[in-house]
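> Please find one structure pasted underneath; my questions will follow.
Number of protein chains: 2
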Amino acid sequence: MGDAQNLQSWEVKASSARERRDAGLAKVEPKLEGIPDQLPLSSQDLPKGVLTAREIEITEKYSVTELLKILRERKISVEEVTRAFLRRAAVAQVAVNCLTELLWDQAIARAKHLDSLPEPKGTFFGLPISTKEHHGMVGDNVTTNASYIGWVGDKHGSNLLYDILYSEGCVFYARTTQPQTIMHLETSSNVYGVTVNPYNRTLTPGGSSGGESALVGMRGSLLGVGGDIGGSVRCPCAHVGIYGFKPSSKRISVFGQRANMAGKETILSTPGPMTVERDVLELFMKTAIAAEPWRHDPSLTVKEWKPYHFTKPLKIAVQWWDGVVKPHPPMLRALKEVADACRKAGHEVVDWNCESLGHDEAWDIISGLYWPDGGKEVLSLIKGAGESVLPLTKFIIEEQPNVKDRTVAELWELTAQRDAYRARYAKAWTATAANGEREVDVILCPPSFGAAAPLEQSRYWGYTSQWNLLDYPAVVFPVTTVDQVKDVKDTSYVPKNEQDRFVYDMYSPEKYVNAPVSLQIVGRRQYDEKVLAALVEVERAMGRP
Amino acid sequence: MGDAQNLQSWEVKASSARERRDAGLAKVEPKLEGIPDQLPLSSQDLPKGVLTAREIEITEKYSVTELLKILRERKISVEEVTRAFLRRAAVAQVAVNCLTELLWDQAIARAKHLDSLPEPKGTFFGLPISTKEHHGMVGDNVTTNASYIGWVGDKHGSNLLYDILYSEGCVFYARTTQPQTIMHLETSSNVYGVTVNPYNRTLTPGGSSGGESALVGMRGSLLGVGGDIGGSVRCPCAHVGIYGFKPSSKRISVFGQRANMAGKETILSTPGPMTVERDVLELFMKTAIAAEPWRHDPSLTVKEWKPYHFTKPLKIAVQWWDGVVKPHPPMLRALKEVADACRKAGHEVVDWNCESLGHDEAWDIISGLYWPDGGKEVLSLIKGAGESVLPLTKFIIEEQPNVKDRTVAELWELTAQRDAYRARYAKAWTATAANGEREVDVILCPPSFGAAAPLEQSRYWGYTSQWNLLDYPAVVFPVTTVDQVKDVKDTSYVPKNEQDRFVYDMYSPEKYVNAPVSLQIVGRRQYDEKVLAALVEVERAMGRP
Chain A
1 MGDAQNLQSW EVKASSARER RDAGLAKVEP KLEGIPDQLP LSSQDLPKGV
51 LTAREIEITE KYSVTELLKI LRERKISVEE VTRAFLRRAA VAQVAVNCLT
101 ELLWDQAIAR AKHLDSLPEP KGTFFGLPIS TKEHHGMVGD NVTTNASYIG
151 WVGDKHGSNL LYDILYSEGC VFYARTTQPQ TIMHLETSSN VYGVTVNPYN
201 RTLTPGGSSG GESALVGMRG SLLGVGGDIG GSVRCPCAHV GIYGFKPSSK
251 RISVFGQRAN MAGKETILST PGPMTVERDV LELFMKTAIA AEPWRHDPSL
301 TVKEWKPYHF TKPLKIAVQW WDGVVKPHPP MLRALKEVAD ACRKAGHEVV
351 DWNCESLGHD EAWDIISGLY WPDGGKEVLS LIKGAGESVL PLTKFIIEEQ
401 PNVKDRTVAE LWELTAQRDA YRARYAKAWT ATAANGEREV DVILCPPSFG
451 AAAPLEQSRY WGYTSQWNLL DYPAVVFPVT TVDQVKDVKD TSYVPKNEQD
501 RFVYDMYSPE KYVNAPVSLQ IVGRRQYDEK VLAALVEVER AMGRP
Chain B
1 MGDAQNLQSW EVKASSARER RDAGLAKVEP KLEGIPDQLP LSSQDLPKGV
51 LTAREIEITE KYSVTELLKI LRERKISVEE VTRAFLRRAA VAQVAVNCLT
101 ELLWDQAIAR AKHLDSLPEP KGTFFGLPIS TKEHHGMVGD NVTTNASYIG
151 WVGDKHGSNL LYDILYSEGC VFYARTTQPQ TIMHLETSSN VYGVTVNPYN
201 RTLTPGGSSG GESALVGMRG SLLGVGGDIG GSVRCPCAHV GIYGFKPSSK
251 RISVFGQRAN MAGKETILST PGPMTVERDV LELFMKTAIA AEPWRHDPSL
301 TVKEWKPYHF TKPLKIAVQW WDGVVKPHPP MLRALKEVAD ACRKAGHEVV
351 DWNCESLGHD EAWDIISGLY WPDGGKEVLS LIKGAGESVL PLTKFIIEEQ
401 PNVKDRTVAE LWELTAQRDA YRARYAKAWT ATAANGEREV DVILCPPSFG
451 AAAPLEQSRY WGYTSQWNLL DYPAVVFPVT TVDQVKDVKD TSYVPKNEQD
501 RFVYDMYSPE KYVNAPVSLQ IVGRRQYDEK VLAALVEVER AMGRP
């Protein structure tokens, strides 16, 4: 009886969240027409069939930088840009299920207001920026549920970062999905269902900021904000072929976000930009930091954003694998192509041999630190609301051997292990400068074992979570797509362990039609500026402007 | 039987630690002569009766800057300087019981080595630097006990900070006492007994870096290193009238120190310089940070030391009291004198009304965060070795109502309270810039409720621990001494609460003969450079160069 009531009540709550979302979508004007009943594998061509030529122009023709320029010059109105992105976001929602809310009225009112100003004002003047739902939202009557049934309808407010972006003139117009617990590298929940990859709907758009990546991957947004504690910005960006940056923690504020385990500080999440354009990463960081957010969130590092400039060729260390799980063939090809290009451009390219650095041990530590209470708080929030525990929640809590309900003393022990591991890794990096050698500037590595995984298969985090444990800044950037001819399976490979076997068995090129393949550049802790500067050099080596 | 054995064994261990200390003292050449059997109230005149005229000249005539200059110019040998400070430290030991070890052979060997170099090298070339025992030590055959009987004789090594100072050419020659648990604002332990104030042996030299302050207060050292998690650098410096700086955490490394509760990160300790000369604080910070210690201790903030320069008069907020405990008359007089001098020099002086900012609540939070396991680990280390739990250990663990053995979830709750409190304080500071006003630059406040307390009476931490909870940088500097005429007791004052009553009842000027009185300057978190720049301006206003 109790259970049945609970079940009913959770369904009611989930519906109410979707009704709120649908109410925003229902306002879309003109109505969406031209979407086929049977959605195609790739959603990339859908907008063309629905949007006007002008809307296509606005959402596809410009880079962010160009769009900001014509907005500032008032060659285009904020309202026209906003309406185009609202409509395109609505198409994205139908195609890949990426929204939790479309802020139709609010965004248009904001746009009209910005248009009415005598002078354009702010770095992001007039730019529609999409946002991850659990961060909260500027404005009145905000609710935030973080994809927990138990929190559906809960009143909430804005956060410090969004207040800054807003004061820089942006338009908030779309809030995006995240998975149950916000701790999957995919994006599904009992509230909003499954978000899929805009290049191949049998694949995940990644997670936990997968609503963002799916939306930006549809150009339903050119700049979104995600958050990353184990790969949640980088993995989704990599899976849709966009740019994403995870800064070192405490450069950008999480102040005001809604999340579990408030007060946990063993491993910290950080917001990060997700965008179609490389140079916007730095613009975002610079703007967020120039506001001196530490005057309101005193936990932040007090340090200006100071762009870095290389004055000589880089020393790039390539991590071909992490010693635990072998990347899929398209990933290895991407690595080789970019490493070759860097060498050809005059950079020093060496190997990052991390077999002795225990990336498996790093996972043991971080997985334990994610859930120092064994997941008790989160599981009770889920079960208490009557919703089901999803498979990837089980994976990340119940199936990790080092996730335990710890005493404070046991927590200290694990935290001390973390610190010892960090020191060991720093020592290894510093040692690259021994014997008169130059120190490695950055590591070039996979952001995942492969392209976007088939749904529910994202069960190895090592390629991103490693850099969360170390708190190293890391950026992902698009490189190629899976090639049915070049990226054949290596049938002679013998997996080294159970995880390696799982990942090896997953691969077969035909599962990954159209799938983008991205790479990751990692720097030492708090050398955020250097990582973005390295990305510029690497892309130049690749022949990009 | 077991107890008796245990008792015996702890006494044996304590003796062995003191024997190690005494073995170093026994090497002092020439032997100390001229110390009276009955030690006087103030130890300030003792060195004159023991040391040679040349030793007095070396240890008293020069500032640190001057001494470094003549050492660099080789106008004096490192060995001669080292021997003078070794002898003076030995006198200090007899007078105030401040040493755990005198590194006679090691220091002289080091000095000879430095003298043999073709060129002087390093910022601290030839300077004897004294150090707090639990930090560890450069060299072979090091043991570190942190004043725990249970750890006596334990092998240990150096730490990152000392490695840096060593590579900058200093001479380590004396290790100093700390109290049981390193968590008293005084300095006594079952290993080394009681360290007393060099100006008045009935008073404490403060703690927990009280061995350092007692030694520097005797000019047995001109620069020492302490550590601060609740006042342990500032309180002892204040009590002997020297300069001491507690930087924001994570600018100077604790990497390699010996301490309890490894892995605890709710409240962090930081090393800090303790010295006779103001400008050495900045030299110390600059040198420690220029070494890029984050390449070895990746938990540190990656940020250069960038000296700050005021270009207009300061806005100084005076905290006359903390809303909990009224400072003693000499402290209030010192505040008034310095505030008046600042006003006269053209600075804007306003009040820091913190009654509404809940400094008592801050204490509840930080006292709980000091001991998230209710003190279990530490108490079991003490009791397990058979030694007694000292009164100030009982005070700081057992007598604090918010010290509890917490679950991880309860720890998160308290940590979240800490973060909320920090945000509230930041908001109040930021609000001083509202309505077109200038923002407060620094707070001028007491570093303690009064001058050095009579032994075992240091039972109110609020004037220092407040800034540890907030992680604000803070510097203390000497102002005056207790004046038997001016600093009469305010007999009309009615204490506001039990703590206030305790502190009020403690005061009576004749208890504080000769006692130095110091003040504290506090800045916003991570504005370390600004705090030291403010100290220069405040001292100039006081008529100091």
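Quick note, the sequences are listed as chains A and B, same order. Take the first sequence: its letter number 294 is residue 294 in full-length UniProt numbering, and every next letter is one higher. Take the second sequence: its letter number 254 is residue 254 in full-length UniProt numbering, and every next letter is one higher. Glycine included, every Cβ here is placed at the ideal spot set by N, Cα and C.
Quick one: which chain B residues come within Cβ less than 7 Å of residue 406 of chain A?
Those within 7 Å of residue 406 of chain A in chain B are 408.
> Does the beta carbon of residue 2 of chain A come closer than 8 Å to any beta carbon on chain B?
For residue 2 of chain A, the predicted model reports a pLDDT of 48, less than 50, meaning its position is unreliable and no value from the coordinates is stated.
> Inspect the beta-carbon positions of residue 402 of chain B and residue 368 of chain B and report whether they are closer than 8 Å.
Contact: yes.
> In the DSSP assignment, find the unbroken beta strand (DSSP E) run with residue 227 of chain A in it and report its ends.
223-228
> Along the chain, where does the beta strand (DSSP E) that runs through residue 63 of chain A open and close?
No beta strand (DSSP E) holds residue 63 of chain A; DSSP gives it neither H nor E.
> Just curious, the beta strand (DSSP E) that residue 520 of chain A is in, first and last residue?
516-522
> If we ignore side chains and look at the alpha-carbon of each, how far apart do residue 91 of chain B and residue 32 of chain B end up?
Going by the C-alpha atoms only, they are around 7 Å apart.
> DSSP has residue 244 of chain A in a bridge; who is on the other side?
DSSP, once it has assigned bridges, lists A/274 and A/476 as partnering residue 244 of chain A.
> DSSP three-state label for residue 546 of chain A, please.
No information on residue 546 of chain A is available, as it lies outside the stretch 1 to 545 that chain A covers here.
> Taking the continuous beta strand (DSSP E) assigned at residue 176 of chain B, which residues delimit it?
171-176
> Sort B/148, B/71 and B/8 by Cα distance to residue 393 of chain B and report the nearest one.
Considering only alpha carbons, the answer is B/148.
> Using CA atoms only, rank isn't needed, just tell me which of B/365, B/25, B/116 and B/339 is closest to residue 74 of chain B.
B/116
> DSSP puts residue 157 of chain A in a beta bridge; with which residues?
Paired residue(s): none; residue 157 of chain A is not in a bridge.
> So within the stretch 101-130 of chain B, which uninterrupted beta strand (DSSP E) runs reach at least 3 residues, ignoring any that extend past its ends?
none
> Near residue 109 of chain A, which residues of its chain fall below 8 Å by C-beta distance, leaving aside the five closest residues on each side in sequence?
none
> Would you please verify whether the beta carbon of residue 361 of chain B is less than 8 Å from any beta carbon of chain A?
no
> What does the alpha-carbon distance come out to for the pair residue 530 of chain B and residue 378 of chain A?
43 Å
> Listing by chain order, which chain A residues have their CB less than 8 Å from the CB of residue 372 of chain B?
408
> By alpha-carbon positions, which one of B/328, B/276 and B/103 ends up nearest to residue 511 of chain B?
B/328
> Here's a check: name, in chain order, each residue in its chain whose Cβ is nearer than 6 Å to the Cβ of residue 249 of chain B, leaving out the five neighbours to either side.
268, 270 and 471
> Which one or two residues does DSSP pair with residue 299 of chain B in a beta bridge?
For residue 299 of chain B, which the question treats as bridged, DSSP gives no partner whatsoever.
> Could you name the residues of the same chain whose beta carbon sits closer than 6 Å to that of residue 452 of chain A, not counting the 5 residues immediately before and after it, in chain order?
Annotation for residue 452 of chain A: 197, 203, 204, 239 and 515 place their beta carbon closer than 6 Å to its own, counting only its chain and skipping 5 residues before and after.
> Taking 8 Å as the threshold (C-beta atoms), are residue 114 of chain B and residue 124 of chain B in contact?
no
> What do you reckon, are the CB atoms on residue 405 of chain A and residue 376 of chain A nearer than 8 Å?
yes
> Take residue 363 of chain B as the anchor and find which of B/331, B/460 and B/281 has the nearest alpha-carbon.
B/460
> Going by beta carbon distance, what residues of the same chain come within less than 8 Å of residue 533 of chain A, once the five residues before and after it are set aside?
307, 308, 309 and 310
> Would you say residue 412 of chain A lies against chain B (beta-carbon separation less than 8 Å)?
yes
> Rounding to the nearest angstrom, what Cα-Cα distance links residue 386 of chain A and residue 208 of chain A in this structure?
22 Å
> Could you give the uninterrupted runs of the beta strand (DSSP E) lying entirely in the stretch 320-368 of chain B, keeping only those of 3 residues or more?
348-351
> In the structure shown, what three-state DSSP assignment does residue 45 of chain A receive?
It is coil, neither helix nor strand.
> Taking C-beta pairs closer than 8 Å, name the residues in chain B that residue 377 of chain A reaches, listed in chain order.
409
> For a contact defined as C-beta to C-beta under 7 Å, what are the partners of residue 297 of chain B on chain A?
Neighbours of residue 297 of chain B on chain A, chain order: 423.
> Name the chain D residues that come within less than 9 Å of residue 527 of chain A, Cβ to Cβ?
The chain labelled as chain D is not found among the protein chains of the depicted structure, namely A and B.
> Residue 206 of chain B and residue 186 of chain B look like a contact to me (Cβ under 8 Å); what is the Cβ gap, rounded to whole Å?
7 Å
> For residue 301 of chain B, count the other beta carbons within 10 Å of its own beta carbon; 16 or more makes it buried, fewer makes it exposed. Which is it?
buried
> Would you list the residues sitting across from residue 306 of chain A in a DSSP beta bridge?
According to DSSP, residue 306 of chain A bridges with nothing at all.
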